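Everything below concerns the one structure shown next.
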Amino acid sequence: MTRYIIKGGKPLNGVIEISGAKNAAVAIIPAAMLVDGACRIENIPQISDVTMLLNILKRMGARVRTVDRHTMDIDCSGVRRARADFDIMTRIRASYYLIGALLGRFGEAVVAMPGGCNFGSVRPIDQHVKGFIAMGAQVEVKNGLVIARAPEGGLHGADIYLDVASVGATINIMLAACFARGVTRVENVAREPHIVDVANFLNAMGADIRGAGTNVIKIRGVSRLNGGSYALIPDQIEAGTYMAAVAGTGGSLLIKNVIPKHMDCITGKLEEMGVSVREGEDQILVSRTGPLRRINVKTLPYPGFPTDMQPQIATVLCLAQGTSVITEGVWDTRYKYVNELLKMGAQITVDGRRAIIEGVGQLTGAHLKACDLRAGAAMVIAGLCAQGVTEIQGVDYIERGYEDLVGKLRRVGADIQSVEIPENEEAQVIKIG
Ligand code: EPU
0 MTRYIIKGGK
10 PLNGVIEISG
20 AKNAAVAIIP
30 AAMLVDGACR
40 IENIPQISDV
50 TMLLNILKRM
60 GARVRTVDRH
70 TMDIDCSGVR
80 RARADFDIMT
90 RIRASYYLIG
100 ALLGRFGEAV
110 VAMPGGCNFG
120 SVRPIDQHVK
130 GFIAMGAQVE
140 VKNGLVIARA
150 PEGGLHGADI
160 YLDVASVGAT
170 INIMLAACFA
180 RGVTRVENVA
190 REPHIVDVAN
200 FLNAMGADIR
210 GAGTNVIKIR
220 GVSRLNGGSY
230 ALIPDQIEAG
240 TYMAAVAGTG
250 GSLLIKNVIP
260 KHMDCITGKL
270 EEMGVSVREG
280 EDQILVSRTG
290 PLRRINVKTL
300 PYPGFPTDMQ
310 PQIATVLCLA
320 QGTSVITEGV
330 WDTRYKYVNE
340 LLKMGAQITV
350 DGRRAIIEGV
360 GQLTGAHLKA
370 CDLRAGAAMV
380 IAGLCAQGVT
390 EIQGVDYIER
400 GYEDLVGKLR
410 RVGADIQSVE
420 IPENEEAQVI
430 KIG
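So this is what it looks like as structure tokens:
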């Protein structure tokens, strides 16, 4: 069992390089299923969600060749069947992209219901299904499987209005519609940077998708996607997490390989808190020397403040002067991490979708358990800021989405170690990484 041990109270100083975007990678890897030939994908983050997806593709017959640490050649031409009902599918949310990709390619998809971080009462896929049905598919959910079938003659274009601007539904409908006859027009789509990245990838392979990044996306069906190469955008949330970390600890971080425009929603809030953010072309310098001010934050779909940064900003607000209010505008509930922060002396009251945070100035080290990816990242930030030692269990969640978090933080002055502790031998430290 791996744990992180953090001795808090050290400011962060130095340079951090951001990896490729997780939520783009986990959509673009399944999108390779639509491509006839090999695609070279660059800037792939080394995270366990990517490893799991690549394993799913390999087990279906795809050829995956590692070119270097962050570059892979993926060739799905050899995949012959539209089934992906492996156990592994239920452990990863993004496996739902295989429904759109397989339906688009084979006119059929049989895929296990997706898993992933659980912070809503449910994580529905009704908007994905609504889109597939509008394109003529029949969709059934039974015995934990999603079974989708295109009609005789294949999917056709359709006008689809999403009831919620869902990231997953937007991407899944784009995937299914690539080869559909005619034009598919999807309104009220999500506009996250990774939506644009997926559309750019598909267009680079020969698709005809317009409007990604706006409220309406139009997909004109084409007959074939050819191989090619594509580099993923940098991870907005990974960059935001390190920005929040230095806001909490103080110090100065040069965060490289970012698209500053994608960071605006986070930058604005950190500046309101008294953090200095200076943008360059593909890097940002974030420093904090003075006290942190209270703010209110409401999470919204892009270009609003991202829900995936909510636990991290809440943690930093524990150290601010005064009372801050967070409103979660995307998920029903995403406050499971609060109980862990309370162990460190935080004062947070959760009321439905709102969290009221009384700044306490200082947190104290504690034993914590990560309950999802971003909650885990928030606990790391809490540990870096706290007085004393913090031990975090459940770091598998963190490693699903952050490449080399421990190494990156150690190189900028954090005292954090990844330790392997055999079950039933809590105190025995075997490996230090
Ligand atoms: N929703 C529906 N019906 C649907 C789909 C979504 O009602 O068919 C609702 C959800 O319940 C939620 C809202 O719409 O209230 C937004 O859900 P969305 O579909 O946008 O989320 P997702 O595609 O399941 C992706 C990211 C999440 C991120 C959300 C919101 C991936 C693999 N996951 O999830 O990222 O929180 O968008 O931005 O892209 C993370 O990276 O830590 C993470 C959880």
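Residue numbers (our numbering): 0 to 432.
Using N, Cα and C, we set each Cβ at its ideal position, and we do this for glycine too.
Keep in mind the model is a prediction, meaning the values are calculated, not measured.
DSSP beta-bridge partners for residue i?
i: A233; result: Reading the sequence as shown, one finds Pro at residue 233 and not Ala. Paired residues: G19.
i: A3; result: For clarity, residue 3 is Tyr in the given sequence; the question names Ala instead. BP columns for Y3 point to I391, S417.
i: D207; result: R219
i: F275; result: The sequence shown places Ser at residue 275, rather than the Phe named in the question. BP columns for S275 point to S286.
i: R82; result: V109
i: Y160; result: E186
i: R293; result: Partner(s): none; R293 has no beta bridge.
i: H155; result: R180
i: A147; result: A108, V138
i: S323; result: I356
Just to confirm, does residue i get its C-beta within under 7 Å of one of the non-hydrogen atoms of the ligand EPU?
i: K21; result: yes
i: R92; result: yes
i: T306; result: yes
i: V329; result: yes
i: D395; result: no
i: P310; result: no
i: L33; result: no
i: L372; result: yes
i: E191; result: yes
i: P290; result: no
i: R409; result: no
i: V337; result: no
i: P44; result: no
i: A369; result: no
i: H366; result: no
i: R277; result: no
i: G167; result: yes
i: G400; result: yes
i: V418; result: no
i: Q282; result: no
i: P123; result: yes
i: I236; result: yes
i: H127; result: yes
i: V25; result: yes
i: V197; result: no
i: V163; result: yes
State yes or no: is the beta carbon of residue i nearer than 8 Å to at least one beta carbon in chain C?
i: I415; result: Although the question refers to chain C, the structure presented lacks it and comprises just one protein chain.
For residue i, does the three-state DSSP call read helix, strand or coil?
i: G250; result: strand
i: N12; result: strand
i: M71; result: strand
i: I431; result: Interpretation of I431 is limited by its pLDDT of 37, a score under 50 that renders its predicted location unreliable; the figure taken from the coordinates is listed afterwards. In the structure shown, I431 sits in a strand (DSSP, three-state: E or B).
i: S94; result: helix
i: S76; result: coil
i: Q282; result: strand
i: L367; result: strand
i: G412; result: coil
i: F178; result: coil
i: A426; result: Residue placement at A426 cannot be trusted, given a pLDDT of 48 that sits under 50; what the coordinates show is reported in the next sentence. It is coil, neither helix nor strand.
i: S165; result: coil
i: R333; result: coil
i: G36; result: strand
i: D403; result: coil
i: G226; result: strand
i: E270; result: helix
- Message: When you compare the segment 241–251 with the segment 377–397, are there three or more beta-carbon pairs, one atom per stretch, that lie closer than 8 Å?
- Response: yes
- Counting pairs of beta carbons, one from the segment 273–281 and one from the segment 414–423, are three or more of them closer than 8 Å? no
- Can you find at least 3 beta carbon pairs, one from the segment 283–303 and one from the segment 214–234, that sit closer than 8 Å? no
- Contact the segment 320–333 vs the segment 251–269: 3+ CB pairs below 8 Å: no
- Task: Indicate whether the contact test is met: 3 or more Cβ pairs, each with one atom in the segment 124–133 and one in the segment 96–111, closer than 8 Å.
- Result: yes
- Determine, using beta-carbon pairs with one atom in the segment 28–41 and one in the segment 88–97, whether at least three such pairs fall under 8 Å. yes
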